[in-house]
Amino acid sequence: MFGIEGFALATVPLANIMGLESGFAFLTWQRVLMWVAGGVLIYLGIAKKWEPFLLVPIGFGIILVNIPLGYHVMGFAMPPGATLPPGMTEWPAGYQTLADGTMRWDYLPPVWPDLIEAGGQPIGFLSIIFRYGFGWELIPLFMFIGIGAMTDFGPLIARPVYFLFGAAAQFGVYAAFFMALGIGFDIPEACSIGIIGGADGPTTVYLTTMLAPWLLGATAIAAYTYMAMVPLIQPPIIRALTTKEERKLYMAPRVREVSKFEEILFPLVVMLVVGLLVPEALPIIGAFMMGNLLRVSGVTDRLGATMSGSFVDIATVFLGVCVGAYVAAPAFVRPEPLMVFGIGILAFAF
């Protein structure tokens with residue numbers, strides 16, 4: 040019964056013939072397509088060395104979650120007699136109804152927070168990690184602690200005008216935001232899509248988790264894939280906007296020596312100013328600046344090295360595999376994720 044999603048196991052003769060524990064009876068072309076997509080990401084990470092620390096685990100997670108009947112990896116279950124949550128007109132596609140009336144998905148439906156409120160529970164080890172690691176925004180914040188510990192703000196402190204170069208990147212955010220609104224996405228979804236234009240994967244994951252978790256797979260993969268493709272995306276744009284002579288200009292570095300006091304003061308001041316201006320951003324900016332303070336304090340070198348080394352590596356593995364495992368065929372092979380990818384590549388052009 041290829042191509043059928045959302046059915047009762049007892050109604051599938053082929054499943055009875057091959058055994059209910061076999062996934063072959065439930066294989067669909069959409070799942071095979073996602074295997075190919077996961078394989079492409081793994082290939083780009085290994086062969087092309089494009090963001091391998093993220094594309095390889097993301098690709099692996101995509102293949103893993105699209106193996107039929109993988110409930111113990113990334114699944115969800117609703118108890119017998121469960122009613123639809125408010126605002127939902129039908130159950131997410133791809134469920135199987137067991138003999139006792141339990142509905143079971145072999146992936147984590149994008150509307151899982153609503154289903155949990157209606158009595159459902161994640162099943163599978165990655166579902167549990169995803170629920171608490173992303174539902175509580177822990178893994179993205181862990182990533183920011185590690186990134187902060189790897190970041191050198193010395194050039195920015197020495198020449199604050201460099202701030203304008205970073206601010207210019209936000210044009211892509213606004214462009215993607217208004218494009219998403221224009222084609223029918225609501226404001227939370229448009230914000231999640233627009234942040235792709237900031238060329239920052241962890242920020243994309245964090246914001247999408249807060250505003251539109253059902254888009255997390257599409258926005259995260261778009262952000263990290265396009266970040267890896269910058270060497271392909273930007274050169275034609277640079278050639279179109281500059282002359283050959285301009286590209287040959289040599290810009291001599293003019294950076295003054297930054298004192299230890301300035302390096303220590305910078306993360307504290309940024310955390311206070313941004314926290315007062317935008318309290319909603321305090322978790323992310325606080326994690327980022329805490330990691331940076333561990334780097335520059337001079338007395339927490341071991342902590343800074345751990346945060347920027349093994350700690351962020353572990354967080355990266357969980358982030359990549361869980362994001363990939365969120366990209367299940369029933370929820371992903373639809374027009375909306377494809378539109379996210381299209382808007383994302385235009386945003387990166389800015």
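Taking the working numbering, the leading residue of the sequence shown gets 40, the next gets one more, and so forth. Beta carbons are placed, not taken as given, at the ideal position from N, Cα and C, and that holds for glycine.
query = Are there 16 or more other CB atoms within 10 angstroms of the CB of Y213, so buried, or fewer, so exposed?
reply = Residue burial is scored here from C-beta neighbours: Y213 has fewer than 16 other C-beta atoms within 10 angstroms and is therefore classed as exposed.
task = Starting from the N-terminal side, write out each stretch of the beta strand (DSSP E) that is 3 residues or longer and does not extend beyond the segment 106-193.
result = Annotation note: the segment 106-193 contains the following uninterrupted beta strand (DSSP E) runs of length 3 or greater, listed N- to C-terminal: 114-117, 134-136, 142-144 and 160-162.
inquiry  = Is it buried or exposed, A367, if we count other Cβ atoms within 10 angstroms and call 16 or more buried?
reply    = A367 should be labelled buried.
query = CA-CA distance, G62 and V351?
reply = Those two C-alpha atoms are separated by around 35 Å.
key: Start-to-end residues for the alpha helix (DSSP H) that takes in I222   = In the DSSP assignment, I222 falls outside any alpha helix (DSSP H), carrying neither H nor E.
message = Using the three-state DSSP reduction, which class does E301 fall into: helix, strand or coil?
response = Of the three classes helix, strand and coil, the one that applies to E301 here is helix, per DSSP.
query = Is the distance from the Cβ of L321 to the Cβ of G314 below 8 Å?
reply = Closer than 8 Å, so yes.
query = By Cβ distance, which residues of its chain are closer than 6 Å to G140, with the 5 residues on each side in sequence left out?
reply = Excluding residues within five positions, the ones whose Cβ falls inside 6 Å are P119.
ask   = Quick one: any contact between the segment 79-99 and the segment 362-378, if contact means 3 or more CB pairs under 8 Å?
value = Cβ pair count under 8 Å is three or more, so yes.
request  = Examine chain D for any beta-carbon lying closer than 8 Å to the beta-carbon of A386, and answer yes or no.
outcome  = Among the chains in the structure shown there is no chain D, since it carries only a single protein chain.
task = Let me know the secondary structure DSSP gives T339 once reduced to three states.
result = Correct three-state label for T339: coil.
query = Would DSSP call L80 helix, strand or coil?
reply = Looking at L80 - three-state DSSP - the assignment turns out to be helix.
key: Backbone secondary structure at G62 - three-state DSSP   = Coil.
query = So what's Y365 in DSSP terms, helix, strand or just coil?
reply = If DSSP states are grouped into helix, strand and coil, Y365 belongs with coil.
inquiry  = Measuring alpha carbon to alpha carbon, tell me which residue in I162, P148, N105 and K299 is nearest W68.
reply    = The candidate whose alpha carbon is nearest that of W68 is N105.
query = Just checking my contact of L165 with V112 at CB under 8 Å: how many whole Å lie between their CB atoms?
reply = The pair is a contact, with the Cβ atoms about 6 Å apart (cut-off 8 Å).
inquiry  = Can you give me the C-alpha to C-alpha distance between V51 and L147, rounded to a whole angstrom?
reply    = Per-residue confidence for V51 stands at a pLDDT of 42, beneath the threshold of 50, marking its modelled position as unreliable; no derived number is given.
key: G133 versus T339: straight-line alpha-carbon distance, rounded   = Between G133 and T339, the C-alpha separation is close to 50 Å.
key: Whether A261 touches I235 by CB criterion (8 Å)   = Contact: yes.
Burial state of Q273 (16 or more Cβ within 10 Å) = Q273 counts as exposed, since fewer than 16 other C-beta atoms from the protein chains shown sit within 10 angstroms of its C-beta.
task = Could you work out which residue in G114, I85, V71 and L123 is closest to I102 when comparing CA atoms only?
result = Considering only alpha carbons, the answer is V71.
ask   = Hey, how far is the Cα of A215 from the Cα of F371?
value = About 20 Å.
task = Return helix, strand or coil for L288, following the three-state DSSP convention.
result = L288 falls in the coil class under three-state DSSP.
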